[in-house]
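Everything in the sequence shown is counted per full-length UniProt numbering, starting at 1 for the first residue and increasing by one.
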Amino acid sequence: QMWEEAIALGKELAEQYENEMFDYEQLSELLRKQAQFYENIVKVIRPKPDYFAVGYYGQGFPTFIRNKVFIYRGKEYERREDFEARLLTQFPNAEKMKTTSPPGDEIKNSSGQYIQCFTVKPKLDLPSKFHRPVSEQIVSFYRVNEVQRFEYSRPVRKGEKNPDNEFANMWIERTIYVTAYKLPGILRWFEVKSVFMVEISPLENAIETMQLTNDKINNMVQQHLNDPNLPINPLSMLLNGIVDPAVMGGFTNYEKAFFTEKYMHEHPEDHDKIEKLKDLIAWQIPFLAEGIRIHGEKVTEALRPFHERMEACFRQLKDKVEKQYGVRAVLSSLDDRRGSRPRSMVRSFTMPSSSRPLSVASVSSISSDSTPSRPGSDGFVLEPLLPKKMHSRSQDKLDKDDLDKDKKEKKKEKRNSKHQEIFDKEFKSTDISLQQSEAVILSETISPLRPQRPKSQVINVISSERRFSVSPSPPNVTPPPITPRTKLSFSIQPNLELNGMSSSDIPDVPPPLPLKGSMADYGNLMESQDLISPTTSPPAHQRVSP
Numbered sequence: 001q002m003w004e005e006a007i008a009l010g011k012e013l014a015e016q017y018e019n020e021m022f023d024y025e026q027l028s029e030l031l032r033k034q035a036q037f038y039e040n041i042v043k044v045i046r047p048k049p050d051y052f053a054v055g056y057y058g059q060g061f062p063t064f065i066r067n068k069v070f071i072y073r074g075k076e077y078e079r080r081e082d083f084e085a086r087l088l089t090q091f092p093n094a095e096k097m098k099t100t101s102p103p104g105d106e107i108k109n110s111s112g113q114y115i116q117c118f119t120v121k122p123k124l125d126l127p128s129k130f131h132r133p134v135s136e137q138i139v140s141f142y143r144v145n146e147v148q149r150f151e152y153s154r155p156v157r158k159g160e161k162n163p164d165n166e167f168a169n170m171w172i173e174r175t176i177y178v179t180a181y182k183l184p185g186i187l188r189w190f191e192v193k194s195v196f197m198v199e200i201s202p203l204e205n206a207i208e209t210m211q212l213t214n215d216k217i218n219n220m221v222q223q224h225l226n227d228p229n230l231p232i233n234p235l236s237m238l239l240n241g242i243v244d245p246a247v248m249g250g251f252t253n254y255e256k257a258f259f260t261e262k263y264m265h266e267h268p269e270d271h272d273k274i275e276k277l278k279d280l281i282a283w284q285i286p287f288l289a290e291g292i293r294i295h296g297e298k299v300t301e302a303l304r305p306f307h308e309r310m311e312a313c314f315r316q317l318k319d320k321v322e323k324q325y326g327v328r329a330v331l332s333s334l335d336d337r338r339g340s341r342p343r344s345m346v347r348s349f350t351m352p353s354s355s356r357p358l359s360v361a362s363v364s365s366i367s368s369d370s371t372p373s374r375p376g377s378d379g380f381v382l383e384p385l386l387p388k389k390m391h392s393r394s395q396d397k398l399d400k401d402d403l404d405k406d407k408k409e410k411k412k413e414k415r416n417s418k419h420q421e422i423f424d425k426e427f428k429s430t431d432i433s434l435q436q437s438e439a440v441i442l443s444e445t446i447s448p449l450r451p452q453r454p455k456s457q458v459i460n461v462i463s464s465e466r467r468f469s470v471s472p473s474p475p476n477v478t479p480p481p482i483t484p485r486t487k488l489s490f491s492i493q494p495n496l497e498l499n500g501m502s503s504s505d506i507p508d509v510p511p512p513l514p515l516k517g518s519m520a521d522y523g524n525l526m527e528s529q530d531l532i533s534p535t536t537s538p539p540a541h542q543r544v545s546p
């Protein structure tokens with residue numbers, strides 16, 4: 001179940017499969033295994049084995065273990081008694097020592113065999129990649145794996161004995177063992193290469209105990225948040241042991257031992273440590289509150305009286321602590337589990353479109369007959385920009401109202417036909433530009449029409465009854481051959497108006513035709529070298545078929 005080690009080896013294999021062997025079939029299978037390993041790390045609860053320090057003292061042992069200490073990794077759920085029994089079967093003549101203190105030279109130089117065995121606690125050494133807080137399910141692997149430092153704590157009484165409060169003079173003698181290699185390795189046991197001892201004062205011990213208790217509560221709360229199906233019995237025992245003063249006494253013993261005028265006067269150098277202990281006591285309240293909330297959601301009806309008593313004890317404890325040491329607050333569990341985005345990013349995604357500032361540049365297809373606009377390259381018409389000083393908060397509010405009106409009008413316009421929609425936009429846009437000259441509106445109209453020609457170059461047909469036509473030739477005229485092409489001419493009916501003038505006002509010489517890039521612009525009128533010159537007037541009423 002050491003999936004972390006399997007993932008590291010799998011990454012080496014993946015590099016070979018992908019870049020050296022190009023075996024994508026093996027690579028895909030390997031990556032599927034890695035995905036399963038990652039899922040197991042998060043979801044599967046792995047048992048934590050115990051570690052034992054074993055010393056072989058006496059001249060009766062072989063030289064490679066004589067008077068040396070080794071750290072053993074026990075099996076899953078193996079107790080110290082079972083491990084000792086397994087160890088003594090290898091040395092049936094050995095005698096088990098009943099103390100945990102290092103033996104003297106008399107035992108080391110004796111001809112017998114003495115075995116000393118006790119449980120040690122591995123010291124967490126997180127890899128450098130965990131530079132930020134991570135889930136306890138991930139960290140728990142490194143609490144019992146890839147460890148090289150182990151500690152054993154033994155209580156020592158110093159000074160006057162206080163029967164009312166044993167925490168006041170209880171020192172901790174802590175022995176640190178460092179092995180030759182990290183455990184577990186190729187073996188389940190390695191030799192201890194260095195040993196040193198430190199002493200922990202009663203106040204430092206109290207700080208360490210409070211920190212461990214808070215971490216334990218927080219870790220159990222996170223486990224229940226991640227897996228709602230966990231049983232609540234361990235959580236009930238943990239919370240009740242801290243909240244109910246009749247069980248363990250809580251931190252009241254610390255208050256009696258260290259928060260007194262006598263202790264402050266005798267140990268002025270411990271002022272910072274006392275403040276730290278008070279802070280840890282205050283931080284325990286929000287952790288307990290979250291734990292009791294989860295306990296209340298999952299408790300059964302049979303344990304409801306037990307939960308109500310625990311809530312009553314917690315309310316008293318909370319009032320006392322907040323009054324003496326202040327109020328602490330933690331982030332909600334939902335925010336802890338779900339990584340929140342930065343505030344700037346959240347604002348940019350959650351700000352409604354109506355409240356966003358309008359762009360100063362406005363693109364519109366609004367144009368009038370009096371001042372024709374030049375269309376842009378993509379069919380847009382640029383309106384003149386307004387000075388920046390006109391864009392104030394009140395102006396933005398007006399723009400927002402105008403946008404709401406435009407949205408309602410656009411919904412109505414969709415019901416009309418395509419031609420009606422173009423017609424409406426051509427006339428409504430001019431009204432909007434006149435009424436709201438100070439507002440800059442971002443709008444767009446896609447029109448299939450090309451830009452109009454100048455009036456001087458356009459033949460305006462005012463009446464549908466007055467037509468400009470190319471008349472067919474009479475039947476008595478034989479058509480000319482297809483090639484070369486014959487002359488083409490056109491006739492004008494008497495009642496036709498050109499550019500607003502009647503036929504009587506038409507001069508003898510018509511105006512020149514506009515220059516066009518392609519011949520298709522004239523419709524069916526084709527140019528040829530025999531075409532009548534535009535400067536000569538065509539004969540009136542002459543009909544020639546093509």
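Ideal Cβ placement from N, Cα and C applies to all residues, glycine included.
* Asked: When every heavy atom of the ligand ATP is checked, does at least one fall within less than 8 Å of the C-beta of ASP23?
  -> The ligand content of the structure shown is nil, which means the ligand ATP is not present either.
* Which parts of the stretch 185-257 are runs of the beta strand (DSSP E), unbroken and 3 residues or longer, counting only runs that do not cross its ends? -> 189-200
* Asked: Grouping DSSP H, G and I as helix and E and B as strand, with all else coil, what is residue 548?
  -> No answer is possible for residue 548: the residues shown for the chain start at 1 and end at 546.
* Going straight from the alpha carbon of GLN222 to that of GLU136, what length do you get? -> 8 Å
* Asked: How big is the Cα-Cα spacing for HIS295 and GLU4?
  -> 33 Å
* **CA-to-CA distance, GLU78 to ALA94, given in whole angstroms** => 21 Å
* Asked: Taking three-plus beta-carbon pairs below 8 Å as touching, is the stretch 175-193 in contact with the stretch 144-153?
  -> yes
* Asked: When you compare only the Cα positions, how much space is there between LYS158 and LYS276?
  -> 24 Å
* Between the beta-carbon of SER194 and the beta-carbon of ARG154, is there less than 9 Å? -> no
* Beta carbon of ILE242 nearer than 9 Å to that of THR209 -> no
* Who pairs with PRO155 in a beta bridge, going by DSSP? -> ILE172
* Cα separation between LYS318 and GLN59? -> 60 Å
* To do: Give the DSSP-derived three-state secondary structure of ILE7 in the structure shown.
  => helix
* **Inter-residue spacing [alpha-carbon to alpha-carbon] between PHE314 and GLU322** => 12 Å
* Under three-state DSSP, which class holds PHE118? -> strand
* Nearest-angstrom Cα distance between LEU239 and ILE292? -> 7 Å
* Asked: By how many angstroms is the C-alpha of LYS48 removed from the C-alpha of GLU29?
  -> 30 Å
* For VAL321, three-class secondary structure by DSSP -> helix
* Beta carbon of PHE91 nearer than 9 Å to that of PHE61 -> yes
* Could you name the residues of the same chain whose beta carbon sits closer than 6 Å to that of LYS96, not counting the 5 residues immediately before and after it, in chain order? => ILE115
* To do: For the stretch 103-110 and the stretch 37-48, state whether three or more C-beta atom pairs, one from each stretch, are separated by less than 8 Å.
  => no
* **First through last residue of the beta strand (DSSP E) which encompasses ARG73** => 68-73
* **Residue(s) in a DSSP beta bridge with TYR51** => ARG73 and VAL120
* Return yes when the Cβ of ILE176 is within less than 9 Å of the Cβ of PHE196, no when it is not. => yes
* Measure the alpha-carbon distance for residue 548 versus GLU76 and round it to whole angstroms. => Because the chain in this structure spans residues 1 to 546, residue 548 falls outside the shown range and cannot be described.
* Asked: How far does the alpha helix (DSSP H) with ALA302 in it reach, from first residue to last?
  -> Taken as a continuous stretch (DSSP letters only), ALA302 belongs to no alpha helix (DSSP H), as it is neither H nor E.
* Asked: What whole-angstrom Cβ distance do VAL120 and TYR152 have, given they're in contact under 8 Å?
  -> 5 Å
* To do: Compute the distance between the beta-carbons of PHE258 and LEU203, then report whether it is under 9 Å.
  => yes
* According to the neighbour-count rule (16 or more other Cβ atoms, all chains shown, within 10 Å of its Cβ), is MET237 buried or exposed? -> exposed
* **Secondary structure of ARG149, DSSP reduced to three states** => strand
* To do: Mark GLU278 as exposed unless 16 or more other C-beta atoms lie within 10 angstroms of its C-beta, in which case mark it buried.
  => In the sequence under discussion, the amino acid at residue 278 is Lys, which differs from the Glu named in the question. LYS278 is buried by the Cβ-count criterion.
* If you follow the alpha helix (DSSP H) that LYS108 is part of, which residue opens it and which one closes it? -> 105-108
* **Simplified DSSP state of LEU126, which is helix, strand or coil** => coil
* To do: Rounded to whole angstroms, what's the CA-CA distance from VAL327 to HIS224? Just pull it up for me.
  => 25 Å
* **Span separating the alpha-carbon of GLU12 from that of LEU235** => 41 Å
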